[in-house]
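Trainee:
Residue numbers (my numbering), protein chains in the order written: chain A, 367 to 716; chain B, 15 to 810.
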């Protein structure tokens, strides 16, 4: 029971994983994101203990030698009970790891919790390493940005994976130079990504190991502010277009059925352009019964400025993360004005 | 037809309400004692189970150091980094004066789901739980009790065992000043593709135990109580048997008439059965209520015993549990059936046309007596065989049972042969002796009950008395120092020891560490080499150079409990500090766990974390009060940090008294039940014996003389029973001391006898017999002569 409540503290609103800031209270003493940020690397790849919540969030779309599509997720969340760091059991810095693996027929997920100060979980900026138990995301970059090359592993009750990632483009910043507004009231986070990974590695499945290759996308985000009281959940898309461009779009749903949307267009060379509320329109097309809820697993995404009008379909409509607070996260494919693959996360569906 | 039979049969009880009361009382008492003991046992066992199930520890395996020391945090991290799901727990005990609190510091982030830890509500509480000063989750009873000072805020939670607190591992680490986990809980389901966890660590894997250490330790205590309950129940059934037997004898005429009127035998038997079942059910219910009252009033004593003797924490409060109530009712019905079986069979076999002559009921033939005696001899042989060859607590109790039942069965034969030794002069005395012998079968059951109660009393009081004498002598040896000082920290203790050294004869640090020896909890003590120990230490066996070997770190002393449980002998190696040979075995009472003593140097090497906080001071006795005052005023020690020898002794004796309080109470109750059994039998006989007394009266013996004879006879029978109970009781004490105690507590005590106690008990037995005989005797003395004459007229 205590564990359940601990998790509810980590993720106090339904709009969690990426829709973070989802903390029940506006704790005083924490730093708050402000406009015009300056990022310093490698330091900012590491943790920011004076902010309430932060994550290192990686999704990969993969393919086996026989053409079977797969997807994996690897996330480390940090949640601070107080804006300080301390050694030993006394630390207020708590960590939560989520790992998912999607196949066309199955979806596996796992969760780990740990406190920071004793060395069971944490993030080191230089040399970069984010870890919880035996799960880790470790930089193998030889010069350049620490995130340019990574190894990534996780293990659950019935799956494991071990991947090597190589970036083919630069780190990009969302919103206004990395200051990403999350509501009309101005709640915001710091948000940057590395959307250009090539991936190779092995998935361990109940039927045996599967060598895979593919692409991946890493999100880094931190903040201290709660979402608006009104916001109920979030739908987040990362898309790889066939011409090498990338696109991120999210919609924060409010309880009246409206939505606050935001998008970032990333050219193949890493040039970005951000779009505020209303530019992207997200419309559910079809729903699926997942884990006892009705979840929109097919979406129409229109983005007139970029002549995008696509419909997304999931690799596995049952991509449900069986974590303490469940959510939907899995690989998608899309057709229409553009074709390609990507990842979709949907939270806050009761 | 059934209704008519029931009505006519039950009219008997209306005419003899005293008999009904007696029957119901016997049943109620038997049920009360039995169910009371069961209630206590059930409550205590439930408490152990709850404690064992705390945080799912009854389902989860754990990893720990083989020596019971904390697991290095690095080891925990290495296992987690290898992918294994293990969760750290820091546990320990906070003590301050008499206040104790067991802390269970868990890591809710990694705790397996089986650890259904108590509920917290609200965000604030969760943050408070994780961050200093932390929160302690305790039961309401614990919160209301005596607690150490300086604790973090308390929160009341269900399912926390008594005298324990559940808290975050960070809070436990701070309060206990222990950074490393005491042990690691292992999640039952481990991730994909990992080797077995035992391949990944050198830590010892401990499976969740079916019975916790506490449950195992206290088993013997509960078996003891059960045996007492059974004894009381058996004694109670004697009353029932007597009362039912009487009622049946007196209703022979009614039954014959009913049958002559055409009531089928089956209907009559059914009516009798229903009637008894109804009485048994009613009396059983009263008994259960009574049992609950007895149990509830004994419960605080039991809790005290368990805490003092075993360190087992149970709340001294009894919850009503329908399970034992139903079980008690069932056993009452069963017991009634057993007690009534003989009478029912007789009724069934009664020839329809036989005269309804009230015979002296239960008239045992010579053959029955011989059979009984043979059975008694067989049981004595069994008891002897068990005493010689048996092992284990159950064998010890079986031995006790065989001895007691054998003695009870042998009683009529013993009485008869004792009476045959009497050579009376004159016709009247000859009649008295002959009449007494004739009465033995009728009274034998009641006398057996008295015998059992007396023997149990003698046995238990001899055991307790022997224990007490040995224990007090042992305390004098063990508590040789004049003052005992507890400092707040090891550093403070060191400062105090240095400051005091010039002014006192000697300072003896007291330090111990909990550990596991031979896979059971044990304590290891470190001592300095000092004449205090060399001269007075109570050894059972030791090598010549025992203290030299201990002093130079090449030997270890173990207590009797460890020695007996593990069947050790001098020279055997104890797996501590690379293995140390045993050089001495010492007595150690009032402690259920194994214990070992090494030199202070060895201790410091083995348990570097545990430094002395306590020490004993040797000083001239007349200087003791002054030094105690100085310690309090000059060094500012709180009053309870300085105790003198007398206080420690008083505390130990108090623990001892607690331990046997329950036994004593049950003993008195059993004797009371036996007294009532005797009364019932005498009442029964009083009526039946009129035809035998009337002729004696008719030939000239006055009613007063007859009454005096009756009284004298009762007293004489009680006295004979007591004389026979004496050797039985002493044998019982010997079995308790030589077998039951060794199995139950791990120590063997020399037996001592207390004749003064016997005299008191004899007086009690005579008083009980006298009181029981008083009513019937008075009635006889005041009986109208007309009734005696009627005996000749009413030849039924």
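Backbone N, C-alpha and C define an ideal beta-carbon position, used for all residues, glycine too.
#1: What residue does the alpha helix (DSSP H) around residue 411 (chain B) start on, and which one ends it?
#2: Go through its chain and collect everything with a Cβ distance to residue 577 (chain B)'s Cβ below 7 Å, but skip five positions before and after it.
#3: Could you pull the start and end residues of the beta strand (DSSP E) that residue 427 (chain A) belongs to?
#4: Which runs of the alpha helix (DSSP H) at least 4 residues long sit entirely within the region 641 to 705 of chain A? Give them in chain order.
#5: From residue 222 (chain B) to residue 506 (chain B), what distance separates their C-alpha atoms?
#6: Look up residue 609 (chain B) in the DSSP assignment and say whether it is helix, strand or coil.
#7: Against chain B, does residue 688 (chain A) count as a neighbour if the rule is that its beta carbon must be under 8 Å from one of theirs?
#8: Checking 8 Å against the spacing of the C-beta atoms, do residue 517 (chain A) and residue 504 (chain A) come in under that value?
#9: For a contact meaning CB atoms closer than 9 Å, what does residue 466 (chain A) contact in chain B?
#10: Can you tell me which residues form a DSSP beta bridge with residue 170 (chain B)?
#11: Could you give the residue range of the beta strand (DSSP E) that holds residue 499 (chain B)?
#12: Along the chain, where does the beta strand (DSSP E) containing residue 461 (chain A) start, and where does it finish?
#13: Please go through the region 655 to 736 of chain B and give each complete beta strand (DSSP E) segment of 3 or more residues, from N-terminal end onward.
#14: What residue from B:205, B:145, B:125, B:120 has the CA that sits closest to residue 180 (chain B)'s CA?
#15: Rounded to the nearest angstrom, what separates residue 548 (chain A) and residue 562 (chain A) at their Cα positions?
#16: Ignore the nearest five residues each way along the sequence and tell me which others in residue 568 (chain A)'s own chain have a CB closer than 6 Å to its CB.
#17: Using a beta-carbon distance cut-off of less than 9 Å, what residues from the region 486 to 500 of chain A approach chain B?
#18: Check the C-beta distance from residue 14 (chain B) over to residue 413 (chain B) and give it rounded, since I have them as a contact under 8 Å.
#19: Check whether the Cβ of residue 396 (chain A) lies closer than 8 Å to any Cβ atom in chain B.
#20: I'd like to know if residue 481 (chain B) contacts chain A, where contact means its C-beta is closer than 8 Å to some C-beta of that chain.
#21: Can you confirm whether the region 627 to 634 of chain A touches the region 603 to 614 of chain A when touching is taken to mean that 3 or more C-beta pairs between the two stretches lie within less than 8 Å?
#22: Taking 7 Å as the limit between beta carbons, can you name the residues of its chain near residue 459 (chain B), skipping five residues before and five after?
#23: Does the beta-carbon distance from residue 37 (chain B) to residue 480 (chain B) come in below 8 Å?
#24: Could one say the Cβ of residue 570 (chain A) lies closer than 8 Å to chain B's Cβ atoms, at least one of them?
#25: According to DSSP, which residues form a beta bridge with residue 183 (chain B)?
#26: Spell out whether any CB of chain A is found under 8 Å from the CB atom of residue 183 (chain B).
#27: Quick check on residue 655 (chain B) - is its C-beta less than 8 Å from some C-beta in chain A?
#28: Check the DSSP bridge columns for residue 502 (chain A) and list the partner residues they point to.
#29: Can we say the region 618 to 629 of chain B touches the region 460 to 476 of chain B, given the rule of at least three CB pairs closer than 8 Å?
#30: Give a yes or no on whether the minimum CB-CB distance between residue 331 (chain A) and chain B is below 8 Å.
#31: Could you tell me the boundaries of the alpha helix (DSSP H) in which residue 26 (chain B) lies?
#32: Within the same chain, show all residues whose beta-carbon is closer than 8 Å to that of residue 587 (chain B), passing over the 5 residues directly before and after it, in chain order.
#33: Just checking, does the region 581 to 593 of chain A make contact with the region 414 to 428 of chain A on the three C-beta pairs under 8 Å criterion?
#34: Check whether chain B comes within 8 Å of residue 419 (chain A), counting only Cβ atoms and requiring the distance to be less than that.
#35: Whole angstroms is fine: what's the gap from residue 617 (chain B)'s alpha carbon to residue 396 (chain B)'s?
#36: Should the region 636 to 653 of chain B be called in touch with the region 493 to 509 of chain B, which here means at least 3 C-beta pairs below 8 Å?
Mentor: Considering the structure as presented:
#1: 407 to 435
#2: 599
#3: 419 to 430
#4: none
#5: 40 Å
#6: strand
#7: no
#8: yes
#9: What residue 466 (chain A) touches in chain B: nothing, since even the nearest Cβ is about 14 Å away.
#10: B:152
#11: 497 to 500
#12: 459 to 468
#13: 656 to 658
#14: B:120
#15: 24 Å
#16: 528, 575, 577
#17: 486, 487, 497, 498, 499, 500
#18: With chain B represented from 15 up to 810, any question about residue 14 (chain B) goes unanswered, as that position is not in the structure.
#19: no
#20: no
#21: yes
#22: 252, 255, 256, 695
#23: no
#24: yes
#25: The partner list for residue 183 (chain B) (beta bridge, DSSP) is empty, contrary to what the question assumes.
#26: yes
#27: no
#28: A:497, A:519
#29: no
#30: Any answer about residue 331 (chain A) is impossible in this case: the structure gives chain A only from 367 up to 716.
#31: 16 to 29
#32: 593, 594, 595, 596
#33: yes
#34: no
#35: 48 Å
#36: yes
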